[in-house]
Amino acid sequence: MERKNGFNTKLLHDKTSLGYAQREILPPVSQVNAFRYESAEELERVFQHKSAGFAYTRVGNPTTAAFERRINELEGGVGAVATSSGMAAVTAALLAVVQSGDEIIAGSGLYGGTIDLFRDFGKLGIRVVYVQETSEQTVKRLITDRTKAVFAELVGNPSLAILDVPKVSAVAHAAGVPLFVDSTTATPYLVKPLDLGADVVVHSTSKYINGGGNSIGGIVVDGGKFPWDFKKHEALADFARYGKLAFSVRLRTDLWENFGGCMAPANAFLSYIGADTLGLRMDRICYNAEKLALALAKLPEIEVNYPTLPGNPFASLAKSELGGRGGGILTFRAGSKERAFRVINALKFAMIASNIGDLRTLVIHPASTLFLHSNREAREAAGVYDDTVRVSVGIEDVDDLIDDFTSAVKASFQS
Ligand code: PLP
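Using the numbering used here, read the sequence shown as starting at -7 and increasing by one per residue.
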């Protein structure tokens, strides 16, 4: 039997690294707005998609294309579109398949920014219906003729609820509805959602894919297998001639291009080189997060949530979908908002910052920041209480992190 190369080997020797004009090892940074042609006819052909080529960076750029090909290959898709942010990716992906009068079923425990976005969708006549707990039964119950997409985070940020992709995609597919998965916190290193039954994957590449906390970005990857029914998905009707590729074609040549949410070439380059170490970083981050979670779980004063902790309701899904890893985020409840603030303020290494997926360990009090605009019900569905602290674990030496957090927790209960 032929040996299969491992994740890091495939990543570093993927096809995207071949074919640069001067045999560069990395994609050159095409930091330009426009591309020059020798004749009006040539540029006409590019605009008509009759010749390959780039015309204008909002529509396509070689550096951004290299990043798109790389993530597409990692996820096993048929095409990817890089966007200016993760929010732009969620927006573009869903608006490519829904229109006014349609419904989206949204998983419980979404990132606060996505909940805010879905309120905006409501003003556009797109109804978003939330499930309390995302399972095949809860999703099935809410599906109507108007449902055009199911959207859920694979590992909720910060609920850390894990989506059962095979089961939820099966009930969605039975009703002719595609499953859109935000896999930002899971990363293509831990799981390839398209292989499990998801139809479209989005990422905020600002997080683990970039990894260095140096550029905001997002990406939408199309699995290319969903059998679109163009009477049901009217938003795609003009693209019916592309069959299973209708979503990708509409996204690239219509909706995303018109919305103007392109990824900047410099950000594509930084995200490309950041992704080089995705496997290495995720190994270390998951190791650190589990060790820190286990150490904090021993402290009687706080309640820790991390998917692979004994007794966690998602431990078996972490095993079946994430290879037994729990990802890079853990949360704990400190007893009160005041105590949560005291723990956060007492930390030496962990930085107080609104981000995840950085090399550095970051902490935040989600209720007073990320979920400021959400009501109590939406916050609690996302696992956010007044006393919740979210930790995005970095690659520091884990004993230093354990020491930092245990000292801060103990100090907060003494004062
Ligand atoms: N999806 C998830 C799960 C996130 O955690 C975030 C940001 O934290 C986003 C989407 C939005 O990404 P961005 O900040 O790049 O717009």
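Glycine included, every Cβ here is placed at the ideal spot set by N, Cα and C.
Within the region 43 to 121, the alpha helix (DSSP H) runs of at least 4 residues that lie entirely inside it are, in chain order, 54 to 67, 78 to 87, 104 to 115. Taking C-alpha positions only, G216 is separated from R325 by approximately 41 Å.
V212 is bridged by DSSP to V73, V194. Shown here, D174 sits in a strand according to DSSP, grouped into three states. The beta carbons of T177 and I321 sit about 6 Å from each other, so the pair counts as a contact at 8 Å.
DSSP places E388 outside both helix and strand once states are collapsed to three, so it counts as coil. Sequence-distant Cβ neighbours of Y234 in its own chain, meaning closer than 6 Å and more than five residues away, are V241.
The C-beta distance from G45 to V51 rounds to 11 Å, too long to meet the 8 Å contact threshold.
The alpha-carbon of G315 is positioned some 22 Å away from that of L171. The region 266 to 273 and the region 294 to 309 do not touch, with fewer than three beta-carbon pairs separated by less than 8 Å.
Sequence-distant Cβ neighbours of S43 in its own chain, meaning closer than 6 Å and more than five residues away, are R37. In the three-state reduction of the DSSP assignment, T245 falls in the helix class. Scanning its chain for C-beta atoms nearer than 8 Å, with the 5 sequence neighbours on each side dropped, one finds around L339 the residues V355, D396, F397, A400, in chain order. The C-beta separation of A374 from P150 comes to about 7 Å, placing the pair in contact by the 8 Å criterion.
With respect to I208, H195 sits apart: the two C-beta atoms are not nearer than 8 Å.
Here the region 52 to 63 makes contact with the region 243 to 259; the two share three or more CB pairs at distances below 8 Å. When DSSP reads this structure, L322 sits in a beta bridge with V383. The shortest C-alpha to C-alpha distance from L146 to any of V183, N347, T130 is the one to V183. With a cut-off of 7 Å, the C-beta of S198 is classified as near ligand 1, since at least one heavy atom of the ligand falls inside that distance. According to the DSSP assignment, I336 belongs to the alpha helix (DSSP H) that extends over 329 to 338.
DSSP places A267 in the uninterrupted alpha helix (DSSP H) bounded by 257 to 267. Around the beta carbon of M(-7), a 10 Å sphere encloses fewer than 16 other beta carbons of the protein chains shown; the residue is thus reported as exposed.
A distance criterion of 7 Å places the beta-carbon of V212 beyond contact range of ligand 1, judged by its closest non-hydrogen atom. Residue burial annotation: D392 is exposed, with fewer than 16 other C-beta atoms found within 10 angstroms of its C-beta. E67 counts as buried, since at least 16 other C-beta atoms from the protein chains shown sit within 10 angstroms of its C-beta.
Per the DSSP secondary-structure output, I344 pairs in a beta bridge with V355. Not one heavy atom of ligand 1 lies closer than 7 Å to the C-beta of M274. By the beta-carbon neighbour count (other beta carbons within 10 angstroms, threshold 16), A232 is exposed. For ligand 1, a non-hydrogen atom lies closer than 7 Å to the CB of T106. Around the CB of S77, 16 or more other CB atoms lie within 10 Å, so the residue is classed as buried.
Comparing alpha-carbon positions, the option among F110, A166, G101 lying closest to E128 turns out to be A166.
By the neighbour-count criterion, in which a residue is buried when 16 or more other Cβ atoms sit within 10 angstroms of its Cβ, A260 is buried. For N297, the uninterrupted beta strand (DSSP E) run begins and ends at 295 to 297, by DSSP. Using a 10 angstroms sphere on the CB of P299, the tally of other CB atoms reaches 16 or more, which defines it as buried.
The three-state reading of DSSP puts T126 in coil, since its state is none of H, G, I, E or B. Relative to the non-hydrogen atoms of ligand 1, the Cβ of E145 comes within a distance shorter than 7 Å of at least one.
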